[in-house]
Each structure stands twice: as structure tokens, then as C-alpha cells.
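Everything in the sequence shown is counted per the working numbering, starting at 103 for the first residue and increasing by one. Where is the CB? At the ideal position from N, CA and C, for every residue including glycine.
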Amino acid sequence: MPFRSIIGHQRPIKWLQTAVKTNHLGHAYLFHGEPEIGKRHTAKALTQLLHCEHPPTDSTPDACGTCRSCHQVEQAIHPDCLLIEPEDSQKQNPKIKIDQIRAIEHLVIYRPLVGSHKVCLIDQADTMTTEAANALLKTLEDPPDHCLFLLISSRPEHLLPTIRSRCISLRFSPLPTKDIHEFLIHHSAMESNDAKFIASISEGRLGQALHLDPKDLKIKLRQYWTLLFGEHQTSEAQIFDISESLVKSNQASEAIQWFQQGLRDLLLLSLEEENSPMLFREYEPALRQLAKRIPPLAILELSQELHQLDRGQQRNLNMQIGLEQFFFHLHDQLDPA
Ligand SMILES: [Zn+2]
């Protein structure tokens, strides 16, 4: 996918195009920002530009997207490019291992066959083991002239500071909801209402928006609406049951995200921000009633509690107790004795 087909990210793309045009491309870049917003597409577009066999003659540097080299880059089989990513990335704790980083030595040993650079793209670079990161650091300390390293990460704080400091850092921001909506309308079979719904739930991540199924999400929307503001709020025994079952079915994290969205919608109505995109739009009348009963400050406190709970997951906080407490506090607000 050449630069011109990428949605958004004009600033980092322009930066890269200018660097190529003026012969100022660095040896190593770190593309960072939320997951699935287009960092990897941009890295591939840059790689295509450096290897394209028939680049268009416009004044803006870009690849053709259709020549043999462009296809090879797209499929990650170009002889001058190496794509490194965690093995078995679906697993809970994916890692990039030292053997994968050692493959760079074979890549950089000869000059490029077609284009100007050998490109090493490291996706989810923050998942490198300590040994792998140290091995990469050695290469970055003395990079061969014809090499370009593109590191991609949504958690750059997990990279060694010494690696970060050797990369030119380019930040990628989430896309505006309306851009995702428009893209879905023109590039998927989704109806406008579904596209709007998916755009509002995807939090500016186009990659995620394309994977989401509006039917599944509507089922979840109903399910989490009931858990958050449904009748169970009146029974303590049900609060214990729900918290336990969310944790046992590994849904605690997902539930926290949906609850956050529900509280956000409630806050928007409470602050009379009627026209902002709302995820729980179909429950607007019920949300309006709730907004009269809970003051904005209390909504913010509840949201903060969820945020702490979400962060606590990584520190093995007892999620069941945390969820129970959240529900009790919510209950106190909804139904003060
Ligand atoms: Zn091409």
C-alpha cells in the first residue's frame, strides 16, 4: 500500500517523503502510537518507495504499488527487506527472540539488490527479549550505511532507552472518527449506521475497525449495558455473581472497556455535549434519566476507579474484588439510600 492509499498520518508521511526526497533519511526510526492505526502500513509504504521499480514521476515521492518489488514488500518476501515480529503473535505473551534479531546479520552483509536500502522492519519491537534488544542495540550503535531500521511499537516505554535514543521518533495519532466512518462507507459493505457505530467504537484505529463485526458488537453492547446499568444493581448477591463470572470467563478487561464507554456517554449527556459521538446512542433516553441522578464528578470518580482497575490487571490486582467495589460504588450513586 503506497503512501497515497494510507488514511490519515499526513504529518509523519510528509516527514518521511521529505527525508527521502532530500536524501536525509536516517538509519533508524521508531513509529509509535496506538495499536492498529497504520504504523505498519506506513513502514511498508516507505519500504516500497525505496525499492519501487516504476515510481510515479509526481513531485511527491511515492511507490507505484503495483510493480514486482512493491508486491514483494507488501507480502514481506522482498530479498532486501526483513520483517521481524513476535512468533505466534496470537499468544498471551508474544516475544521477539534473539535468533530473529541475529537474522539481521545476514540481511546487512551485502548491498541491496534493487533499491537504495536494506530495510529491517521490527513490528511490536517492545516485545524483544533482553538478549534480543541488546543484540539489536549493537547493530544500531554502528549501523551499516545502506541499512534502514524501522521499529514499530504501541508501547515505546517498554523499549530500552538506549534503543529509543538511537531512533528518530515519529508519533502516529488515532484517526478522527469521521475519517474511519468515511473509509468504511467507501471500502466495506457496511451500511451507514453500522459504519458509524464501528467508527465510534474503534477509537481511531482503522485496523481494528476493519476487523470488527457490527452484529457481534451489538450483542455485546446490549450485554454490557445490562451489566452496567441493568436491574442487577439492586441485589448484592447478583453483584458478587456477575463480578465472579466476568473474571472466570476472562471478560474482565473487555467489560472494563465497555463500562468506561458507558460512563463516558453518561458524562457527555451530563455535560450536555449532545452532539458528540456516543457508543450507547440507542440507550440515550435511559442515559438521560441516569444523567439526572449522578453528578459529573461522581461519574469521573467511577471512571477513575475503572482506570485504576485496568492498570491493576498488569500488577495482578484481585479483579473480582475490584469489580465488586466498582459495582457497589455505582450502586451507591444510582440508588442512594
Ligand atoms: Zn512499485
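Per DSSP, the continuous alpha helix (DSSP H) segment holding residue 432 begins and ends at 421-436. The beta carbon of residue 149 lies closer than 6 Å to those of 175, 183 and 221 in the same chain, with the five residues before and after it left out.
By a beta-carbon distance limit of 8 Å, residue 229 contacts residue 198. Their separation comes to about 5 Å.
Between the alpha carbons of residue 358 and residue 415 lies a distance of about 11 Å. Here DSSP, grouped into helix, strand and coil, assigns residue 172 to helix. When DSSP states are grouped into helix, strand and coil, residue 129 belongs to the coil group. Ordered along the chain, residues surrounding ligand 1 are 154, 165, 166, 169 and 172 [Cβ under 5 Å from any heavy atom]. DSSP, read as helix, strand or coil, puts residue 198 in strand. Cβ neighbours of residue 398 within its own chain (closer than 8 Å, five residues either side excluded): 369, 372 and 373. For residue 255, the uninterrupted beta strand (DSSP E) segment begins and ends at 249-255. Taking 8 Å as the cut-off, the Cβ atoms of residue 339 and residue 425 do not count as close. For residue 156, the secondary structure class from DSSP, reduced to helix, strand or coil, is coil. Remark: three or more beta-carbon pairs, one from each stretch, lie closer than 8 Å, so the segment 125-138 and the segment 250-257 are flagged as touching. By the Cβ criterion, the segment 261-279 is in contact with the segment 236-246, since at least three pairs of Cβ atoms, one from each stretch, lie closer than 8 Å. Annotated as proximal: residue 305 and residue 276, with beta-carbon spacing under 8 Å. A direct Cα-Cα distance of roughly 56 Å separates residue 427 from residue 162. Beta-bridge partners of residue 271 (DSSP): 132. Annotation for residue 109: no alpha helix (DSSP H) segment contains it, and DSSP assigns it neither H nor E.
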